[in-house]
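Below is one structure, written out as structure tokens, with a few remarks after it.
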Amino acid sequence: MELRALFLLPLCFPGLQSQTPEVQRRREGDTLYIQCPYAPWTTDQQIKYWCLPWGNGGCQEVLRTYLEDSVQSSDKRIKIKDNRTSKTVSVTMTDLKAENSGTYFCAIYSSYSNYPRLKTISLIVFRELLRWELDTLTVQCPAGYGMAWCRGQTDCTGPAGRQTSSKQSQTKSLQDRVTMQYNGQGALVVTMKNLKNQDSGVYWCALGSGHTRKMEIVLSVFKRTQKLPAKESGIVSVQCHYKIADYQAVSKAWCKIKEGKMCNVLVTTRSESPAGNSTARGGVRIQDDTQQGIVTVTMEQLQVQDSGVYWCALQDGSDLLRMEEVTLSVSKALPPGGFPDSERRSQEILLGDSCSGNTFLILSVVLLILLLLALLTSIALAVRYSRLLLRTGTSEAEDTSDRAEGTAQPGSTGRRESSQDDSKGPAYINLDVQSHPNPEDPLYCNVELGQAPRNPQHVEYAVIAFNQSPRTGRE
91 MELRALFLLP
101 LCFPGLQSQT
111 PEVQRRREGD
121 TLYIQCPYAP
131 WTTDQQIKYW
141 CLPWGNGGCQ
151 EVLRTYLEDS
161 VQSSDKRIKI
171 KDNRTSKTVS
181 VTMTDLKAEN
191 SGTYFCAIYS
201 SYSNYPRLKT
211 ISLIVFRELL
221 RWELDTLTVQ
231 CPAGYGMAWC
241 RGQTDCTGPA
251 GRQTSSKQSQ
261 TKSLQDRVTM
271 QYNGQGALVV
281 TMKNLKNQDS
291 GVYWCALGSG
301 HTRKMEIVLS
311 VFKRTQKLPA
321 KESGIVSVQC
331 HYKIADYQAV
341 SKAWCKIKEG
351 KMCNVLVTTR
361 SESPAGNSTA
371 RGGVRIQDDT
381 QQGIVTVTME
391 QLQVQDSGVY
401 WCALQDGSDL
411 LRMEEVTLSV
421 SKALPPGGFP
431 DSERRSQEIL
441 LGDSCSGNTF
451 LILSVVLLIL
461 LLLALLTSIA
471 LAVRYSRLLL
481 RTGTSEAEDT
491 SDRAEGTAQP
501 GSTGRRESSQ
511 DDSKGPAYIN
521 LDVQSHPNPE
531 DPLYCNVELG
541 QAPRNPQHVE
551 YAVIAFNQSP
561 RTGRE
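First residue of the sequence shown? That's 91 in my numbering, and the numbers climb one at a time after it.
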């Protein structure tokens, strides 16, 4: 009977079939929502729990349904709801904090200290922190005995042997950058000073020998950068800022990055200068204003080979801690009335391309204009020719009409001249006889009746002119 009960227990509570936690990662401020189904034959009176592990299989209650189907925590950030229709317990956690990281499970109350699990999750809420280089990071881990500070998966360090007093924790040494100590509430406080870009990564608070992850930190350390253009034979000035309280008494240096990422010191405030805050060497000057927290570096008579990456740095012994990274670009000065060789070549290429494009455009426009002119000329000639043909036809018609109105005798031409109104004056007909086949033949001039005025007031004459005097047979 007991064996049968043990066999049926996973069937009644499916969550028992797999105790491997489901990992859930969230950023601080995000929301977690999970659903835990339970067996259909579970009674409505059984209480549903949202728990943290406690003891040997026990439940450290976070929230439970009790007599209601939906319950909220006092701060309203956690809510548990029992949907009896779908036989599902849902849990919602809002505005998550890094301290909420841990292992949680849904459970149903069975008997005293017996809470069969429906689903187990490993919740990791990470805190995203952004810092500048040389800043200080302080993290307080949750209270717990045997807490350690870890980076990555296995690199963990505890406070044993490194616990410092308040006086010791205020040291400004650049060598000892990480300190850990417990505060009055039993929480581990971790302090990381003089942060570097390579300190970026994932850190977490680990509890106990098993290094249970309690809180995770995602740290991003950014370096301050500047980009400065300059001309050959010119001058450039750089200002770098620092925290007076932390680095007022620390020496400052100006160095240039060489191959292998080593920074070669060009000038430093740790020099023969009595004040120790202003020195110059090889056209490079450095000055430290400890009252304002500003380091000023001046470089004169720049050359093209001065281009490169420089650091404003704190100097502690042989170690250098970068305050700011400066990228300097020195270009050649323009010769009188021209360009540097490289720039001249670039200009020639650009001008050549521009000229080629302009030439093509001009030729296209000229050809288009010529084509339009040819078309207009053709049209004009065609119109003119048409008008000429029209005029020629009209003239021929007028000549034919004139001949019809004159004499019809062969070998002669006639022309009648009259005023606009025949009734106002005499009308004449002039007949010019150029030749006649027989001079003795009579010559007649006929005047039509319609051409004579109705009431003539003057006598009309016909003037006949002969090209050759007529001959008579009588003498």
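The C-beta atom is built at its ideal place from N, Cα and C for all residues, glycine as well.
Keep in mind the model is a prediction, meaning the values are calculated, not measured.
query                                                                                                        : result
Endpoints, alpha helix (DSSP H) assigned at A233                                                             : Unbroken run through A233 is the beta strand (DSSP E), 227–233; no alpha helix (DSSP H).
Euclidean distance between Cα positions of L208 and P127                                                     : 7 Å
As assigned by DSSP and simplified to three states, the class of D396                                        : helix
Reduced DSSP secondary structure (H/G/I, E/B, other) of I452                                                 : helix
Contact belief for G119 with L186 at Cβ below 8 Å, rounded distance in angstroms                             : 7 Å
Cβ-Cβ separation, C149 to Y205 (assumed contact under 8 Å), whole Å                                          : 4 Å
Cβ-Cβ separation, P319 to S419 (assumed contact under 8 Å), whole Å                                          : 5 Å
Contacting residues, own chain, Cβ-Cβ under 7 Å from T110 (five flanking each side not counted)              : none
Own chain, CB closer than 6 Å to V399, minus 5 neighbours either side, in chain order                        : I347, T417
Distance, T359 Cα to V599 Cα                                                                                 : Given a span of 91 to 565 for the chain in the structure shown, any question on residue 599 remains unanswerable.
N- and C-terminal bounds of the beta strand (DSSP E) containing D336                                         : Segment 334–337 is the alpha helix (DSSP H) holding D336; no beta strand (DSSP E) there.
Minimum C-alpha distance to V355 - residue among V311, R314, A335, I376                                      : I376
Pick from Q381, S163, L463, K342 that is closest to G407, judged by C-alpha positions                        : K342
Supposed close pair L285, M237 - CB separation, criterion 8 Å                                                : Not really, about 22 Å apart at Cβ, beyond 8 Å.
Nearest residue (CA-CA) to W222, options S290, Y235, C196, R267                                              : S290
7 Å Cβ shell around T302 - same chain, five flanking residues per side excluded                              : A296
Residue range of the unbroken beta strand (DSSP E) whose run includes A343                                   : 341–347
Sequence-distant residues of the same chain with beta carbon closer than 6 Å to K351, five excluded per side : none
Between the CA atoms of S200 and W140 - distance to the nearest angstrom                                     : 14 Å
Sheet register partners of H301 (DSSP bridge)                                                                : Per DSSP, none; premise fails for H301.
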